[in-house]
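Using UniProt numbering, the letters of the sequence shown correspond one by one to residues 1 to 500.
Here a beta-carbon is modelled for each residue, glycine too, at the ideal position from N, C-alpha and C.
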Amino acid sequence: MSDLAVELELVAPNGLKYVQPVGLFINNEFVESSLKGKLSTINPATETEITSVYAAGPEDVDSAVQAARKALREPSWRNMHATERGDLLLKLASLVEEHAHVLATIETWDNGKPYQHALQGDVAGTAKCLRYYGGWADKIHGEVIESGPSKLAYTVRELVGVCGQIILWNFPLSMAAWKLGPALACGNTVVLKPAEQTPLSVLYLARLVKEAGFPPGVVNILNGQGTVTGACIAAHPGIDKIAFTGSTATGRQIMKLASANMKNISLETGGKSPLLVFDDADLDSAATWAHSGVMYNQGQICTATSRILVQEAVYDEFVTAFKDRVRSTSKIGDPFEDATYQGPQITKAQFDRILSYIESGKHEGATLSMGGDAYKDVNGRGFFIAPTVFTDVTDGMKIYQEEVFGPFVVISSFRTEEEAVRRANDTTYGLGSSVFTRDMKRAHRVARDIEAGMVWINSSNDSDYRIPFGGVKQSGIGRELGEAGLAAYSNIKSIHVNLI
Ligand code: ADP
């Protein structure tokens, strides 16, 4: 790559030739970084380099923040009618659909997820989310509050300002849409940092942002290392809000950094979400959902229902049905092949981490019931792991308590509803949870008792851009998606008018 190239022509493994931006996106232009520093990105299915992109240093973060602050004051954005702002998001949604094949190709190449999942899940979901928030842009308003005949009191919803957004690598485009959609609908400006493992698709999206007609500086995209670029964004005094998706440990770091100027914060962090199967449940359906709830996206899902608790009487039957489901569905292979359900893990580091949890499970005395090793049958390369099932797992084990973030599940049994709820809640996390039962009274009772931001009754990991998403306890602060997602990107101002 020449030092000056900020866009490169690339040919993806599926033969698609396209122009990949590799610069920093500031003020609607792709530019080099001040450090000339670059970040290499790897195809996890082959372990070979795809390309490298510019990484932002502190000066670049400053430039992006200045661009975003300037855009906040510019009449072209500040005075833009909310309906027009919404139109830009609708236009962006349509462009995402027009470029779906390229975006899904990049996502599969850079992340390793199956192409069909990228196309029908990530890219389609990105367009829907942007369109949904485009619809909200001119429906965000305050209220008049009755406070007696001599007073008029009303509220207005104002933008927060410059929003720093730091995202993870598991769903790069979707995570960007979940954050850009509500931020832009509310009239904010943005400095967004994709994860260093997946820098490419969001840079391509940046080009579509410009094409949609967003004024310069409204959206800025900076790639870079978390501890450099991410930390600069989190600490920057010119940024008013920080939104983060990633690990709980990094979330804590970000809270500390953001405290310097008391930024508004929203965090979506880790989980070890329970899935409860009661003895009256439809076991086939429970096994089907339980499988996708932990094995989809190579198990790299914050809300993965990775801790399965099954009532004693149906434990053996459920374990058999679950393993059958893994055998029939989790086809591991080249992510560009349509039949593939499971691609490689994102990096060697994640691959090694999962293998170390497998060793820990064996060492702690759980029964390794399925999988438990690397999968070498896809051209002999790539970070593939066989879907892994541990049974006879007990509450004190590390594999029961800690988030693994891979195709890895622990299954344990319980006797009573009281025990199931107590054990489901025995975790520092509180993101998702599932309950399988035909008894609807019990389903709603358990849904209320579970300490989690989301409960799925007779399903797992149903996600919808119209429905709030987020966690309690150490799984996060605030909500994304739905109308609730707008709260994270707007402040309420109260105006008191004295009428006498
Ligand atoms: P992982 O450990 O899987 O890489 P992280 O939670 O560390 O997950 O990363 C999520 C996002 O947070 C990435 O964009 C990463 O670059 C960023 N990040 C990591 N460390 C920091 C940090 N100290 N400050 C700000 N951002 C960070």
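1. By the DSSP assignment, the alpha helix (DSSP H) with L103 in it spans what residues?
2. Should P237 go down as buried or exposed, given a rule of 16 or more other Cβ atoms within 10 Å for buried?
3. How far does the beta strand (DSSP E) with Y54 in it reach, from first residue to last?
4. Is P194 near the ligand ADP, in the sense that its beta carbon is under 8 Å from a heavy atom of that ligand?
5. Mind checking who H496 pairs with in its DSSP beta bridge?
6. How is the alpha helix (DSSP H) around residue 579 delimited, first residue to last?
7. Identify which residue in T367, A386, G430 has its Cα closest to the Cα of I411.
8. Straight-line CA distance for E196 to V228?
9. Locate the alpha helix (DSSP H) running through T248, then write down its first and last residues.
10. Rounded to whole angstroms, what is the Cα-Cα separation between L208 and V96?
11. Give me the residue from I166, G372, Q300 with the minimum Cα distance to C232.
12. What is the DSSP secondary structure of K272, reduced to helix, strand or coil?
13. For V202, which option in S174, I308, A235, P75 has the closest C-alpha, if you only look at C-alpha atoms?
14. Whole angstroms is fine: what's the gap from K36's alpha carbon to V61's?
15. Is T229 close to the ligand ADP? I mean its beta-carbon at under 8 Å from any heavy atom of the ligand.
16. Under the criterion of a Cβ to heavy atom distance below 8 Å, does G121 qualify as lining the ligand ADP?
17. From A349 to S356, what does the alpha carbon distance come to, in whole angstroms?
18. How many Å lie between M1 and G112 at the Cα?
19. Could you check the C-alpha separation between W109 and P44 for me, to the nearest Å?
20. Does any heavy atom of the ligand ADP sit closer than 8 Å to the C-beta of W169?
21. Tell me the DSSP secondary structure of L481 in three-state form.
22. Should S494 go down as buried or exposed, given a rule of 16 or more other Cβ atoms within 10 Å for buried?
23. How is the beta strand (DSSP E) around P182 delimited, first residue to last?
24. Quick one: any contact between the stretch 338–347 and the stretch 304–315, if contact means 3 or more CB pairs under 8 Å?
25. Using a Cβ-Cβ cut-off of 6 Å (strictly less than) and excluding sequence neighbours within five positions of F278, which residues of its own chain qualify?
26. Just to check, is the beta-carbon of Q474 closer than 8 Å to a non-hydrogen atom of the ligand ADP?
27. Terminal residues of the continuous beta strand (DSSP E) containing T189?
28. Helix, strand or coil, according to DSSP, for Q225 in the structure here?
29. According to DSSP, is Y489 helix, strand or coil?
30. Return yes when the C-beta of T388 is under 8 Å from any heavy atom of the ligand ADP, and no when it is not.
31. I need the DSSP call for C302, collapsed to helix, strand or coil.
32. Would you give the residue range spanned by the alpha helix (DSSP H) that K241 belongs to?
33. Would you check if the distance between the CB atom of L72 and the CB atom of V162 is smaller than 9 Å?
34. Short check: CB of L276 to CB of V446, under 9 Å?
35. Using three-state DSSP, classify K17 as helix, strand or coil.
36. Once DSSP output is grouped into helix, strand and coil, what is the label at K376?
In this structure, then:
1. Run containing L103: 100–111, per the alpha helix (DSSP H) assignment.
2. exposed
3. Segment 48–54, the beta strand (DSSP E) holding Y54.
4. yes
5. A153
6. Because the chain is modelled from 1 through 500, residue 579 falls outside the range shown and cannot be assessed.
7. T367
8. 11 Å
9. 248–258
10. 7 Å
11. Among I166, G372, Q300, the Cα nearest to that of C232 belongs to I166.
12. coil
13. When each option's Cα is compared against that of V202, the closest is S174.
14. One C-alpha to the other measures close to 14 Å.
15. Answer for T229: yes, Cβ within range of the ligand ADP.
16. no
17. 11 Å
18. With a pLDDT of 43 at M1, under the threshold of 50, the modelled position of this residue cannot be trusted, and the question is left open.
19. 8 Å
20. yes
21. Judged by DSSP in its simplified three-state form, L481 adopts coil rather than helix or strand.
22. exposed
23. Run containing P182: none in the beta strand (DSSP E); it sits in the alpha helix (DSSP H), 172–185.
24. no
25. Q311, T437
26. no
27. 189–193
28. Note: Q225 maps to coil in three-state DSSP.
29. coil
30. no
31. coil
32. DSSP places K241 outside any alpha helix (DSSP H); the residue lies instead in the beta strand (DSSP E), whose first and last residues are 241–245.
33. yes
34. yes
35. strand
36. coil
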